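Q: Here's a structure for you.
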Amino acid sequence: MTPPSLREMMQRLIGSPSVSSVSPEWDQSNARVIDHLADWCQSAGFRVERLPIDGHPGKFNLVATAGRGPDGLVLSGHTDTVPFDEARWNSDPFTLTEHDDRWYGLGSCDMKGFFALVLEALRDIDLGRLQHPLVLLATANEESDMCGARALLETHRRLGRYAVIGEPTGLRPVRLHKGIAMEAIRLHGRSGHSSDPALGANALDGMHQAMAELITWRSELQTRYRNPLFAVEVPTLNLGHIHGGDNPNRICAECELQFDIRPLPGMDLDELRSEIDRRVGSRLQDSGLEFERISLFEGTPAMETPEDSPIVRAAETLTGHSAGAVAFGTEGPYLNRMGMQTVILGPGSIDQAHQPDEFLALDQIGPGTRIIRELVTRFCMA
Ligand SMILES: [Zn+2]
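Sequence positions in the sequence shown follow this note's numbering and run 1 to 382.
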């Protein structure tokens, strides 16, 4: 038995909704996508593990392994998609639609298509002849809380030595991306009549101080850290949302500020958070305000795989492009922490990801399968 045709695999993956979202009204199980992949991997000769994720009912990771040993190649992708705005689609997001030499459908490029291409590429490869293991990894919730990648990291299990994540990069290798954290600062003071400031503790006054501190810190970070491989060479901190107070003639008792930080590789999220606590805390020491910082989500670390890593070098040779940096986050930092040197390289363009009328251009398929086949040959058969 062999997996169905490429087109049939695409149709079934696109036709299996697997939206992940932090909003419960959008969030769906990814079980159907996992089931399809498990069936096809099994029929291609892999040993298949379907791993439920603790605390996330209906969510699964899939690990499909051929060959044995600790030093294999992992081909990795996420099974979920972002939510979609059906009214802005010109076709059904859950039906594979071919038009203008493109395959349209939700997840076509980000990134269900990658799995179909991997299985297509493996058709000509005899898995019985592998010298090093080949692992196909399919994760849950990359687009929301990354619980799939986190759960794998917590198993402390070694899946391989090298990994390729098939996110849409237009088949150009990527070895760096920034991280992201979203934080809130809440200041709690005391309201009172505005005619006598001594009657209260003004949270807006305090937030002015906190913002000044953050802006000073941002300049320092941007002086200290710089990486010319990124389009925006420095770490950023964006003040994005503020809310506080209720009336011009009342002392403002509560104020909340939300901001994001996009660190460069080498900057640690937890250290950045401690630094905020230390700096804002000391600035507000004598303000009479209570200061609280909340992480709005767990955050994604920055990623960097060394430029001389064999997987980076191979990806560069096979694509003819030197490995670069991108502005979006991936599961790469988690895979790196699991001991795999990881490169991001996949078919389709990030410009189409997270958009209505998402598509995979058909001219990505030939080169995409060729690159996957070559990587497997180099890292598993030699
Ligand atoms: Zn993606």
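Cβ atoms here follow ideal geometry from the backbone N, Cα and C, with glycine treated the same way.
Here the structure is a predicted model, which means the values were calculated and not measured.
#1: Of the choices 47, 314, 230 and 188, whose alpha-carbon is the least far from that of residue 254?
#2: Considering residue 52, what are the terminal residues of the beta strand (DSSP E) in which it resides?
#3: I'd like the span of the beta strand (DSSP E) that includes residue 355, first residue to last.
#4: Is DSSP giving residue 208 helix, strand or coil here?
#5: Do residue 381 and residue 129 have their C-beta atoms closer together than 8 Å?
#6: Quick one, which of 169, 312, 5 and 275 has its alpha-carbon nearest residue 409's?
#7: Can you check the region 277-339 for any beta strand (DSSP E) of at least 3 residues that lies completely inside it and give the ranges in chain order?
#8: Is the region 342-359 close to the region 106-115, with three or more CB pairs under 8 Å?
#9: Using the rule of at least 16 other Cβ atoms within 10 Å of the residue's Cβ for burial, across every protein chain shown, is residue 64 buried or exposed?
#10: Tell me, to the nearest whole angstrom, how far the beta carbon of residue 139 is from that of residue 79; I am working on the premise that it is less than 8 Å.
#11: If you drop the 5 nearest sequence neighbours on each side, which residues of the same chain put their C-beta closer than 7 Å to that of residue 328?
#12: Considering Cα atoms alone, identify which of 13, 198, 50 and 170 is closest to residue 385.
#13: Mind checking which residues open and close the alpha helix (DSSP H) that includes residue 40?
#14: Alpha carbon to alpha carbon, how far is residue 90 from residue 141?
#15: Does the beta carbon of residue 136 come closer than 8 Å to any beta carbon on chain B?
#16: Checking 8 Å against the spacing of the C-beta atoms, do residue 209 and residue 106 come in under that value?
#17: For the structure I just gave you, are there three or more beta carbon pairs, one from the region 142-160 and one from the region 238-257, closer than 8 Å?
#18: Determine the burial state of residue 364: buried for a count of at least 16 other Cβ atoms within 10 Å of its Cβ, exposed for fewer.
#19: With a cut-off of 5 Å, give the chain-ordered residues whose Cβ is closer than this to any heavy atom of ligand 1.
#20: Please work out which residues of its chain come closer than 8 Å, Cβ to Cβ, to residue 12, disregarding the five sequence neighbours upstream and downstream, and give them in chain order.
#21: With DSSP collapsed to three states, give me the class of residue 22.
#22: With DSSP as the reference, identify every bridge partner of residue 180, one or two as the case may be.
#23: For a quick check, are the C-beta atoms of residue 366 and residue 167 less than 8 Å apart?
#24: Helix, strand or coil, according to DSSP, for residue 254 in the structure here?
#25: Threshold first: 3 residues or longer. Then list the beta strand (DSSP E) segments lying entirely within the region 106-145, N to C.
#26: Would you report the Cα separation of residue 119 and residue 44, rounded to the nearest angstrom?
#27: Quick one: what's residue 219 bridged to in DSSP?
#28: For residue 379, does the three-state DSSP call read helix, strand or coil?
#29: If we count the other Cβ atoms within 10 Å of its Cβ and call it buried at 16 or more, is residue 146 buried or exposed?
#30: Between the region 44-60 and the region 71-78, do three or more beta carbon pairs fall short of 8 Å?
#31: May I ask you to report which of helix, strand or coil DSSP gives residue 240?
#32: For residue 298, count the other beta carbons within 10 Å of its own beta carbon; 16 or more makes it buried, fewer makes it exposed. Which is it?
#33: Return the CA-CA distance between residue 85 and residue 28, expressed in angstroms with no decimal places.
#34: When DSSP labels each residue in this structure, what does residue 270 get in the three-state scheme?
A: So, to answer that:
#1: Position 254 of the sequence shown, counted from the first residue, corresponds to residue 254. Nearest option by C-alpha distance: 188.
#2: For this step, residue 52 is matched to residue 52 along the sequence shown. Residue 52 -> beta strand (DSSP E) spans 47-52.
#3: As a working mapping, residue 355 is identified with position 355 in the sequence shown. Per DSSP, residue 355 belongs to no beta strand (DSSP E) and is neither H nor E.
#4: As a working note, residue 208 is residue 208 in the sequence shown. In this structure, residue 208 counts as helix in the three-state DSSP scheme.
#5: Your numbering for residue 381 matches position 381 in the sequence shown. Your numbering for residue 129 matches position 129 in the sequence shown. Yes, the pair counts as a contact, with Cβ atoms nearer than the cut-off.
#6: Outside the shown range of the chain (1 to 382) lies residue 409, about which nothing can therefore be said.
#7: 290-295 and 324-326
#8: yes
#9: Counting from one through the sequence shown, the residue named residue 64 turns up at place 64. Per the 10 Å Cβ criterion, buried.
#10: Along the sequence shown, one-based indexing puts residue 139 at 139. Along the sequence shown, one-based indexing puts residue 79 at 79. Going by Cβ atoms, the distance from residue 139 to residue 79 rounds to 7 Å, so yes, they are a contact pair.
#11: Here residue 328 refers to the residue found at position 328 when the sequence shown is read from its first residue. Cβ within range, chain order: 177 and 350.
#12: Nothing in the structure corresponds to residue 385, since the chain is present only between 1 and 382.
#13: If you number the sequence shown from 1, residue 40 lands on position 40. Element bounds for residue 40: 31-44.
#14: The residue labelled residue 90 in the question sits at position 90 within the sequence shown. The residue labelled residue 141 in the question sits at position 141 within the sequence shown. Going from the Cα of residue 90 to the Cα of residue 141 covers about 26 Å.
#15: The structure shown contains no chain B, having only a single protein chain.
#16: By 1-based counting over the sequence shown, the position of residue 209 is 209. By 1-based counting over the sequence shown, the position of residue 106 is 106. Cβ atoms of residue 209 and residue 106: not closer than 8 Å.
#17: no
#18: Residue mapping note: residue 364 aligns to position 364 of the sequence shown, counting from 1. It is buried - the Cβ of residue 364 has at least 16 other Cβ atoms within 10 Å.
#19: 110, 111 and 167
#20: Residue mapping note: residue 12 aligns to position 12 of the sequence shown, counting from 1. If we look at residue 12 and ignore the five residues flanking it on each side, its Cβ neighbours are 4 and 36.
#21: The count along the sequence shown starts at 1 and reaches residue 22 at position 22. DSSP places residue 22 in coil when its eight states are reduced to three.
#22: On the sequence shown, residue 180 is found 180 positions in, with the first residue counted as 1. DSSP output for residue 180 lists 300 as bridge partner(s).
#23: Counted from its first residue, the sequence shown places residue 366 at position 366. Counted from its first residue, the sequence shown places residue 167 at position 167. No; because the gap between Cβ atoms is not below 8 Å, this pair is not in contact.
#24: Mapped onto the sequence shown, residue 254 falls at position 254. Here residue 254 sits in strand by DSSP.
#25: 134-139
#26: Counting from 1 along the sequence shown, the entry for residue 119 is found at position 119. Counting from 1 along the sequence shown, the entry for residue 44 is found at position 44. One C-alpha to the other measures close to 8 Å.
#27: On the sequence shown, position 219 is the one that residue 219 refers to. Per DSSP, none; premise fails for residue 219.
#28: The residue labelled residue 379 in the question sits at position 379 within the sequence shown. In the structure shown, residue 379 sits in a helix (DSSP, three-state: H, G or I).
#29: By 1-based counting over the sequence shown, the position of residue 146 is 146. By the 10 Å Cβ count, residue 146 comes out buried.
#30: no
#31: Along the sequence shown, one-based indexing puts residue 240 at 240. Of the three classes helix, strand and coil, the one that applies to residue 240 here is strand, per DSSP.
#32: As a first step, residue 298 must be located in the sequence shown, where it is residue number 298. Exposed, because fewer than 16 other Cβ atoms sit within 10 Å of the Cβ of residue 298.
#33: Taking the first residue of the sequence shown as 1, we reach residue 85 at position 85. Taking the first residue of the sequence shown as 1, we reach residue 28 at position 28. One C-alpha to the other measures close to 16 Å.
#34: Within the sequence shown, the letter at position 270 stands for residue 270. If DSSP states are grouped into helix, strand and coil, residue 270 belongs with the helices.
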